[in-house]
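Have a look at the structure below before the remarks.
There are 2 protein chains.
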Amino acid sequence: MPDLQSFDAAMRECLGERGWLTGPEDAAAQSRDWLNRYGKPPLGLARPTSADEVAAVVRLCAAHDVPVVPQGGNTGLNGGSVATGDGSVIVSLARMNRILSVDSVDFTATVEAGVVLGALHEALADRDLAFPMHLGAEGSAQIGGLIGTNAGGSHAMRFGMMQDLVLGLEVVLPDGTIWDGARALIKDNAGYQLRRLLCGAEGTLGIITKAVLRLFPAPCGRSAALLALADFEAAQRVGALLRARTGEFLAAVEFFGEFGLSLALDHVEELVRPLETAGPVYVLVEIASSIPGIALDDILENALAAAFEQGDVLDGTIAVSEAQRAAFWRLREEMPEGQRLEGRQIKHDVSVPVARIAAFIADASRAAKTVMPGVRINPFGHLGDGNIHFNLSPPQGHDDFDGCEMALSQAVYEAVVQHGGSIAAEHGLGQAKIELADRFRSKTERALMRRIKMTLDPHGIMNPGKVVKI
Amino acid sequence: MPDLQSFDAAMRECLGERGWLTGPEDAAAQSRDWLNRYGKPPLGLARPTSADEVAAVVRLCAAHDVPVVPQGGNTGLNGGSVATGDGSVIVSLARMNRILSVDSVDFTATVEAGVVLGALHEALADRDLAFPMHLGAEGSAQIGGLIGTNAGGSHAMRFGMMQDLVLGLEVVLPDGTIWDGARALIKDNAGYQLRRLLCGAEGTLGIITKAVLRLFPAPCGRSAALLALADFEAAQRVGALLRARTGEFLAAVEFFGEFGLSLALDHVEELVRPLETAGPVYVLVEIASSIPGIALDDILENALAAAFEQGDVLDGTIAVSEAQRAAFWRLREEMPEGQRLEGRQIKHDVSVPVARIAAFIADASRAAKTVMPGVRINPFGHLGDGNIHFNLSPPQGHDDFDGCEMALSQAVYEAVVQHGGSIAAEHGLGQAKIELADRFRSKTERALMRRIKMTLDPHGIMNPGKVVKI
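Protein chains in written order, with my numbering: chain A, 1 to 470; chain B, 1001 to 1470.
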């Protein structure tokens, strides 16, 4: 049993009044995940302002056997940034929010872990540079959390996930030492790729305190189109065609169905139906370039003409203004909000090989409807990388899933595995999906992960109960 | 002391006559690295034809306490694929050379580890698909070895290194179990990023037997130019300008100096001086697109006009034919061969942040010349990713370095570290650079690597004496 009184005093001494909050109201907002499904009350909320302070906190926690839960913007969906048990400390990186440098020759930015993604976008806006990570939560999500969860988003097909955008990291390890790997190097083969391993470890191997990020020239032109198609097979074919025909410029190719669109239209104000033809399937494509003078509209039009010609497109329109382009994106991005407002739901963040998207949606839908006839299915996501958000609402007129939740998810995940996919595409495992991973991934793979966890965090101090149990 | 007679019999039983070669002449070629600097004679050369056979070999070796040395094309420069001690087994993947599938909807290829990179290029050539890894040794280098060493090459700035091009892996682990992670998934966050960790581990954590690789639409147009510049600072500025102005199309931007060019011209037949103006510094830039009808020459010309305007380019020409483009590349690619034919040399494969290239070259050159006045320096490499091959020849008229080798390398590596760089950019550590890494990287970082090695290979069976010593 740790001596909590001396621990509390030591934390206060280390972090000061503003850095160590223990009142129940202080930590309340940050002790639960944002969907309010996970999180035990912590001993307190640590708010360090430097890597040295983070290291001191970790050493104190280790000495007192107190679990450490790193937290960024707390926008995760699997409970990765809140506590699984009593008596932990949440370490918020929110006060470490400085953009330390931006280099337009290196095309890099060096930032503290608590920088909000949207703030980084803003800081780069007038410098002709871009950090190409875009996702719904960018107004709250912090760089450290995005790295910890290896975030994906809508541009991952072209620019990769966070692991592809991180050149260097500074990390406080479970024993409280600081690993300074914050190098601005694209090529660095002096040993194992630690920067890649730490990315996506969900804070279970250490706390990211600083990162060197890769930047790109800012796009100066875009062209976007919204298409209506007959089915997901047509969407898959159109996705392949767009990849082949719009090449280097393809920035995002998203898909959703009529049910998803109606959820957004029904529940979110100011949205309007974008095409005369009602789906049943929609594709949103955007191409972009940082080179002035490229005829992007023509390139997109040519590619779409080929898609029309092969009979895969029922209707479609290229955005004629920035406002229309933004309106297309809002339809896609408000879909989760629409489904939340519709009532109870079950979310699945999965991926399959791109060529299996349509077959997976068909099989998973059939299986889910066998479990619960009438269940309403909203599959949407990223056609370019095989990431599908396969989210369910109860049948029309039902308030909930009548106890079918487990069987529905089971059916979906079995279809994922049958199609060679992943039960966790871009949201990670957190605490929610550990048992799923133990079940659907090989013992060999899970044992490898457990051994890595045990050797880097032998006392199980760092974000316990996430990714793997030890 | 292992019972070698029963081991030999068991290996023969497992692999057959063609799969287990023990005569000294059989293994001779493969027991030494291709520069003939490293490699102890092995007990024998195992040539398995399947992952199951590889696994059986590893189990046999583990049971008899025999070290396992995985070997691909054996084109490495740091002795990673030959034995550091007596009594090991070299496992050649050369017979596992099937391209298992190519998928133009997924944009993936699934290949056995022994597929030669050039053979993959050829197989994709008539399918409008490309695997964008290009390097001098592509006629011999195998996919497994390229993954093991996390190869870079001249297109890494745009497409990344091998770790960025590998979606899934099948790996035989040090205990002889097979990890089947050969998934064709861009987004897969179901736990730690094992695929990234295994990539670049130089066979010390397992033997790669199969990989799912990421493909791209094949380029259908290219434009290349060769420029003469006043110094490396101008080259660095031109590199940044080209990144900003040619955006998505920039495929490679290489640099070299007058001494490097003269090495190629002096020793390799059929090469001709490409520009009237003699450097002293040259930049080779190539842009490429998979979209038909893009005016690549115009885009390159506009970018170069801006470079001329800011006074950074003395002379330059855009290739007017495929033959001229190929001739530009041969100058760059024959430089190592030219230097080899010149006589003794010391190679350094290092990287620094892109913005430090010129300062590093100046400082490292000054330091090297202080150690050995007149030493001839051939810095060349990749302007887009900061990778510099800083290779030295003895002063004019000298046959060798008069015992200055260690001091020269020391001076170069100290400059690397001063500029925030890496002592191993794209060639890995192998057996040659372990002590360097122990010296120039933090104890914390090296200890992390050692712990990973020890937990995944507790008996030190797998490619011992490479990357980290345990």
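Beta carbons are placed, not taken as given, at the ideal position from N, Cα and C, and that holds for glycine.
Given the structure is predicted, the values throughout are model-derived calculations rather than measurements.
{"Check": "Within the chosen definition, does the region 1349-1362 of chain B reach the region 1422-1432 of chain B through at least 3 CB pairs nearer than 8 angstroms?", "Outcome": "yes"}
{"Check": "Pick out whichever of B:Gly1114, B:Leu1429, B:Thr1110, B:Val1268 has its Cα sitting closest to the Cα of B:Ala1094.", "Outcome": "B:Gly1114"}
{"Check": "Can you give me the Cβ contacts of A:Ala119 inside the same chain, cut-off strictly under 8 angstroms, excluding the 5 residues immediately before and after it?", "Outcome": "Asn97, Ile99"}
{"Check": "Considering just the uninterrupted stretch of the alpha helix (DSSP H) at A:Trp179, what are its terminal residues?", "Outcome": "Careful: A:Trp179 lies outside any alpha helix (DSSP H), inside the beta strand (DSSP E) at 178-181."}
{"Check": "With B:Gln1310 as the anchor, note down where its beta strand (DSSP E) starts and where it stops.", "Outcome": "Segment: none, B:Gln1310 is in no beta strand (DSSP E) and carries neither H nor E."}
{"Check": "According to DSSP, is B:Glu1427 helix, strand or coil?", "Outcome": "The sequence shown places His at residue 1427 of chain B, rather than the Glu named in the question. Coil at B:His1427, not helix or strand."}
{"Check": "I want to check one thing, is the minimum distance from the CB of B:Glu1170 to the heavy atoms of the ligand COA below 7 angstroms?", "Outcome": "Summarising the ligand content, the structure contains no ligands, and the ligand COA is consequently not present."}
{"Check": "By the criterion of Cβ-Cβ separation under 8 angstroms, what are the contact partners of A:Ala51 in chain B?", "Outcome": "Those within 8 angstroms of A:Ala51 in chain B number zero; the least Cβ separation is about 13 angstroms."}
{"Check": "Can you tell me where the alpha helix (DSSP H) holding A:Tyr413 begins and where it ends?", "Outcome": "405-418"}
{"Check": "Going by other Cβ atoms of all chains shown within 10 Å of its Cβ, with 16 needed for buried, is B:Ala1326 buried or exposed?", "Outcome": "exposed"}
{"Check": "Which same chain residues, not among the five before or five after B:Asp1468, have their C-beta less than 6 angstroms away from its C-beta?", "Outcome": "Residue identity differs from the one stated: residue 1468 of chain B is Val in this sequence, not Asp. Cβ within range, chain order: Met1449, Arg1450, Lys1453."}
{"Check": "If we call anything under 8 angstroms between Cβ atoms a contact, is B:Ala1141 one with B:Gly1206?", "Outcome": "no"}
{"Check": "Under DSSP, the alpha helix (DSSP H) around B:Gln1345 begins and ends at which residues?", "Outcome": "Where B:Gln1345 is concerned, there is no enclosing alpha helix (DSSP H), given that its DSSP letter is neither H nor E."}
{"Check": "Taking Cβ positions only, does B:Asp1180 come closer than 8 angstroms to chain A?", "Outcome": "yes"}
{"Check": "Please report whether the beta-carbon of B:Arg1254 lies at a distance below 8 angstroms from any beta-carbon of chain A.", "Outcome": "According to the sequence displayed, residue 1254 of chain B carries Glu and not Arg. False, the Cβ-Cβ gap to chain A never drops below 8 angstroms."}
{"Check": "Any idea what DSSP makes of A:Pro280, helix, strand or coil?", "Outcome": "coil"}
{"Check": "For B:Ile1318, I'd like the list of residues in its chain whose CB is within less than 8 angstroms of its CB, leaving aside the five on either flank, ordered along the chain.", "Outcome": "Ser1223, Ala1224, Ala1225, Asp1297, Leu1300, Glu1301, Leu1304"}
{"Check": "Would A:Asp400 be called buried (16 or more neighbouring beta carbons within 10 Å of its own) or exposed?", "Outcome": "exposed"}
{"Check": "Using a Cβ cut-off of 8 angstroms, pull out every chain B residue sitting near A:Ile291, in sequence order please.", "Outcome": "Arg1245, Thr1246, Gly1247, Glu1248, Phe1249, Ile1299"}
{"Check": "Going by the beta-carbon positions, is the gap between B:Gly1168 and B:Val1212 smaller than 8 angstroms?", "Outcome": "yes"}
{"Check": "Relative to chain A, which residues along the region 1100-1113 of chain B have a C-beta separation below 8 angstroms, given in chain order?", "Outcome": "Asp1103, Ser1104, Val1105, Asp1106, Phe1107, Thr1108"}
{"Check": "Find the residues of chain B that neighbour A:Glu445, judging by a C-beta separation of less than 9 angstroms, and give them in chain order.", "Outcome": "Trp1179, Asp1180, Gly1181, Ala1190, Gly1191, Leu1194"}
{"Check": "Could you compute how far the alpha carbon of B:Val1171 sits from the alpha carbon of A:Thr108?", "Outcome": "34 angstroms"}
{"Check": "What are the boundary residues of the beta strand (DSSP E) that includes B:Lys1000?", "Outcome": "Because chain B spans 1001 through 1470 in this model, residue 1000 of chain B falls outside it and cannot be assessed."}
{"Check": "Using a cut-off of 9 angstroms between C-beta atoms, extract the partners of B:Ile1456 located in chain A.", "Outcome": "Note on identity: in this sequence residue 1456 of chain B is Leu, with Ile being the wrong assignment. Correct list: Leu448, Arg451, Ile452, Thr455."}
{"Check": "Nearest chain B C-beta to A:Gly76 closer than 8 angstroms, yes or no?", "Outcome": "no"}
{"Check": "Would you decide whether A:Val354 is buried or exposed? Buried here means 16 or more other CB atoms lie within 10 Å of its CB.", "Outcome": "buried"}
{"Check": "Evaluate B:Asn1463 with the Cβ neighbour count: other Cβ atoms within 10 Å of its Cβ, from every protein chain shown; 16 or more gives buried, anything less gives exposed.", "Outcome": "buried"}
{"Check": "Alpha carbon to alpha carbon, how far is B:Gly1181 from A:Asp315? Give it in angstroms, no decimals.", "Outcome": "40 angstroms"}
{"Check": "Look at the Cβ atom of A:Glu342, then the Cβ atom of A:Ser393, and state whether they are nearer than 8 angstroms.", "Outcome": "yes"}
{"Check": "Since B:Leu1250 is in the beta strand (DSSP E), which residue starts that stretch and which ends it?", "Outcome": "1250-1257"}
{"Check": "Give the DSSP-derived three-state secondary structure of A:Gln71 in the structure shown.", "Outcome": "strand"}
{"Check": "Are three or more beta carbon pairs between the region 1269-1285 of chain B and the region 1361-1369 of chain B nearer than 8 angstroms?", "Outcome": "no"}
{"Check": "From the DSSP output, in three-state form, read off B:Arg1376 for me.", "Outcome": "strand"}
{"Check": "Using a threshold of 8 angstroms, state whether the C-beta atoms of A:Asp312 and A:Arg245 are closer than that.", "Outcome": "no"}
{"Check": "In angstroms with no decimal places, state the Cα-to-Cα distance between B:Gly1428 and B:Gly1200.", "Outcome": "7 angstroms"}
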